[in-house]
Amino acid sequence: IDAGAGEPRFPLPSFVRPVLEANIDGFSRYPTTRGSEFLRQAIAGWLMRRYGLPAVDYRTQVLAAIGTREALFAVAHALVNPEAAEKPYVLMPNPMYQVYLGAAVTAGARPWLMPCTAATGFGPDWDAVPESVWAGAAMVYVCSPSNPTGWIASRDDYARLLELAEHHDFTIVADECYSEIHAEAPPPGLLEVAAGTGRHDFAHCLVMNSLSKRSALPGLRSGLIAGDARLIARFAKLRSYTGPATPLPLQRIAAAAWSDEAHVEAHLAIFRESLHAFYEAWGEGSAPAGSFFVWLPVADDEA
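The sequence shown runs 109 to 411 under my numbering.
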């Protein structure tokens, strides 16, 4: 077993092969960078069902991504102005998905790492960030459920961050790729909290999610970007030059995956059983709120 990558290895969902076979001719056509209408409609539908959102406009508030790695990286280049009088900050949790740090550095920003340790409940402490850093922030990465730490942002966490974003005019980029892996209740999402506090335009918010973990389809390379229509338009312009597009037959599979919950529920049951079995064998501790990773205590973490 190669434990070097966080990669679910489940059988393909039953709909994948027939959908691919029915749409295989799509490999002869160029896909659009924004994503086909049928895919963006499926994504918008999933967001509304999953988070109880009253409306998501697939035309202006949704983009397709070829996975979310490239989107999480490229978004910094869309939102950071490297020619500003002072280098803007990009805030991020630490430990983190390394793409956040690479994106900030190559976009010409100053990374600000927020320690996520046992002392902070393994989540970022917004109040520990100096006011001067918030004032100079271009964007902040949030990962919830967070991996590798397993922390989940509460509604209050997101509400506080929304207040800060409005006051200081920065963008929240929520990496919610692990949203369907949780120990108990489904975790709240940034757009859900924004809408629940009257921010139905999702101002200052961009959410990214993926089929890699949700549907155990990391090789499909299909994800979503959703939120503030103004930011979506700006990001879409950049991606029209740089963004790769998921092939049309794979977009059809992605649309089917966003429209089906049975396979997601089956995967979640396996994740939970696996974590329970590990902790039962290990003999101490309990599974984190939102993770499929386990990190053992060792004398020298870096080594």
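We put the beta carbon where it would ideally sit given N, CA and C, even for glycine. If you're wondering where the values come from, they're calculated on a predicted model, not measured in any experiment.
- Under the Cβ criterion (8 Å, minimum of three pairs), the stretch 185 to 199 does not count as touching the stretch 157 to 174.
- DSSP lists L171, M316 as the beta-bridge partner residues of I333.
- Spanning the alpha carbons of P238 and Y197 requires a straight line of approximately 12 Å.
- In the three-state DSSP reduction, V250 falls in the strand class (E or B).
- About 6 Å separates the CB atoms of E284 and V315; that is less than 8 Å, so the two are in contact.
- R117 carries a coil assignment under DSSP once its states are collapsed to helix, strand and coil.
- When Cβ pairs closer than 8 Å are counted between the two stretches, the stretch 271 to 278 is seen to touch the stretch 300 to 317, the count reaching three or more.
- Distance between A245 and L199, taken at the CA atoms: about 7 Å.
- Restricting attention to alpha helix (DSSP H) runs no shorter than 4 residues, the stretch 138 to 216 encloses them at 145 to 159, 177 to 187, 206 to 214, ordered along the chain.
- When DSSP states are grouped into helix, strand and coil, A261 belongs to the coil group.
- Here T176 is buried: its Cβ has 16 or more other Cβ atoms, across all protein chains shown, within 10 Å.
- When C-beta atoms of the stretch 337 to 357 are compared with those of the stretch 139 to 150, three or more pairs fall below 8 Å, so the two segments count as touching.
- One thing to note: F230 has its Cβ no nearer than 8 Å to the Cβ of V207.
- Per DSSP, the beta bridge partners of T279 are M247.
- Following the DSSP letters along the chain, one finds L328 in no alpha helix (DSSP H), marked with neither H nor E.
- Rounded to whole angstroms, the gap between the alpha carbons of I132 and A364 is 15 Å.
- In the structure shown, the three-state DSSP call for W366 is helix.
- In the structure shown, P126 falls within a helical segment according to DSSP collapsed to helix, strand and coil.
- Sequence-distant partners of L299 (beyond 5 residues in either direction) whose C-beta falls short of 7 Å from its own C-beta, in its chain, are L155, Y159, L161, F310, C313, V315, A334, G335.
- From the listed residues N317, A303, I289, P203, the smallest Cα separation to A282 is found for N317.
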